[in-house]
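All residue numbers for the sequence shown refer to our numbering, where the first residue is 98 and numbers rise by one.
Quick reminder that beta carbons are idealized off the backbone N, C-alpha and C, glycines included.
Remarks on the structure that follows.
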Amino acid sequence: MSGRESAVSLTLVDTVKTVEDPLCEAESRDELFASTRWTMVLGAGDSAAASAHALSALSELCQIYWRPLYAFLRKQGHGPEDAQDLAQGFFAHVIKTRTYARADREKGRFRSFLLGALKHFIADVRDRGQALKRGGGMILVQLDDNAIAEAEAQIARATNWQADSVYDREWAASLLRRALDRLAQECALAGKGELFSYLKPYLAVTEESVIPYEEMALRSHRRVATLRSDVARLRKRYRLILREEVRGTVMEAAEVDDELRHLCRTLVAT
98 MSGRESAVSL
108 TLVDTVKTVE
118 DPLCEAESRD
128 ELFASTRWTM
138 VLGAGDSAAA
148 SAHALSALSE
158 LCQIYWRPLY
168 AFLRKQGHGP
178 EDAQDLAQGF
188 FAHVIKTRTY
198 ARADREKGRF
208 RSFLLGALKH
218 FIADVRDRGQ
228 ALKRGGGMIL
238 VQLDDNAIAE
248 AEAQIARATN
258 WQADSVYDRE
268 WAASLLRRAL
278 DRLAQECALA
288 GKGELFSYLK
298 PYLAVTEESV
308 IPYEEMALRS
318 HRRVATLRSD
328 VARLRKRYRL
338 ILREEVRGTV
348 MEAAEVDDEL
358 RHLCRTLVAT
């Protein structure tokens with residue numbers, strides 16, 4: 098497991114609700130949107146014409162979580178280019194056919210919906226003997242080359258994992274990345290970007306495996322007690338952002354803790 102993902106001990110396993118933290122005072126403009134993305138998409142299924150906001154929400158969700166789909170396709174035996182083509186074709190299919198309108202509201206987790214829909218899509222492509230060309234020529238999700246390389250490295254280490262397990266693991270890793278990226282942006286907007294760069298290692302791994310606080314205090318020109326306090330507050334904010342990201346992928350707020358526990362078990366098991 099990478100250093101970033103070992104943050105599970107500091108984030109996924111801690112489901113305590115936290116409040117806004119003064120270390121990064123800049124308000125996240127997409128917090129409300131993050132908490133309603135999936136419910137907005139599901140709501141669009143009730144009308145004949147999906148709203149532009151719902152499609153935007155779906156596109157953002159797919160952009161954030163394409164790596165789990167790519168990893169699943171690769172573990173299914175598809176080559177890198179075929180996996181990219183299938184992913185783009187799948188996204189185009191979901192938007193064109195409004196597959197989300199048929200999502201089960203009783204089991205309304207975006208993670209489950211996306212994997213189930215992908216399996217149906219693959220079976221349909223196989224039955225029809227179709228060859229896909231990057232979503233019919235449409236690039237709906239930007240597949241970053243560096244991100245693909247990182248995904249390939251993770252897949253190479255997953256020799257004994259089932260495709261579904263790889264999917265869930267990459268989903269959890271995507272949540273951690275998304276939360277960490279949002280935290281970095283908030284700190285930068287608050288003029289705390291340099292401080293965040295000093296504190297980031299303490300979010301990603303256990304304290305025993307990073308630079309001692311005394312040494313980091315010298316580097317950052319802060320007192321040890323202040324540094325410890327900064328780290329504690331940043332961890333709280335990190336956990337809150339992670340909860341917000343999970344909330345954006347489930348139907349009900351009550352499902353957040355169950356989803357976090359499931360993803361925690363997935364990371365620990367792999």
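{"Asked": "Does the distance from the CB of Y295 to the CB of S326 come in under 8 Å?", "Found": "no"}
{"Asked": "Taking buried to mean at least 16 other C-beta atoms within 10 Å of its own C-beta, is D265 buried or exposed?", "Found": "buried"}
{"Asked": "Between R320 and the rest of its own chain, which residues show a CB-CB distance below 8 Å, the 5 nearest in sequence each way excluded?", "Found": "A314"}
{"Asked": "Measuring CB atoms only, is the region 178-189 touching the region 205-219, in the sense that at least three cross pairs come out at less than 8 Å?", "Found": "yes"}
{"Asked": "Measuring straight from C-alpha to C-alpha, what distance separates A123 and T256?", "Found": "Legend: pLDDT at A123 = 44, less than 50; position of this residue unreliable, value from coordinates given subsequently. Those two C-alpha atoms are separated by around 42 Å."}
{"Asked": "Is R126 helix, strand or coil by DSSP?", "Found": "Bear in mind that a pLDDT of 41 at R126, under 50, signals an unreliable position, so the number given afterwards is only what the model happens to contain. It is coil, neither helix nor strand."}
{"Asked": "Given a cut-off of 8 Å on the beta-carbon distance, is the pair A248 and A366 in contact?", "Found": "no"}
{"Asked": "Return helix, strand or coil for K289, following the three-state DSSP convention.", "Found": "coil"}
{"Asked": "Quick test of the definition: if touching needs 3 or more C-beta pairs under 8 Å, does the region 274-281 touch the region 338-348?", "Found": "yes"}
{"Asked": "How many Å lie between A260 and Q173 at the Cα?", "Found": "6 Å"}
{"Asked": "Given a threshold of 16 other Cβ atoms within 10 Å of its Cβ, counted over all protein chains shown, does A270 qualify as buried or as exposed?", "Found": "buried"}
{"Asked": "Would you give the residue range spanned by the alpha helix (DSSP H) that A253 belongs to?", "Found": "D242 to A253"}
{"Asked": "According to DSSP, is Q239 helix, strand or coil?", "Found": "coil"}
{"Asked": "Thinking C-alpha only, which one of D179, F218 and P177 is nearest I192?", "Found": "F218"}
{"Asked": "With the cut-off set at 8 Å, would you say E85 and R206 are in Cβ contact?", "Found": "Given that the chain is displayed from residue 98 to residue 367, the structure contains no residue 85 and the question cannot be resolved."}
{"Asked": "Let me know the secondary structure DSSP gives T415 once reduced to three states.", "Found": "Absent from the model: residue 415. The displayed extent of the chain is 98 to 367, so no value can be given."}
{"Asked": "Where do the ends of the alpha helix (DSSP H) carrying A180 lie?", "Found": "P177 to T194"}
{"Asked": "Mapping DSSP to helix, strand and coil, what is Q173?", "Found": "coil"}
{"Asked": "With a 10 Å radius around its C-beta and 16 neighbouring C-beta atoms as the bar for buried, classify R171 as buried or exposed.", "Found": "buried"}
{"Asked": "What distance in whole Å lies between the Cβ atoms of R344 and L300, which are believed to be in contact at a cut-off of 8 Å?", "Found": "Not quite, the Cβ-Cβ distance comes to about 20 Å (not below 8 Å), so this is no contact."}
{"Asked": "With respect to the alpha helix (DSSP H) encompassing Y310, which residues constitute its N-terminal and C-terminal limits?", "Found": "Y310 to S317"}
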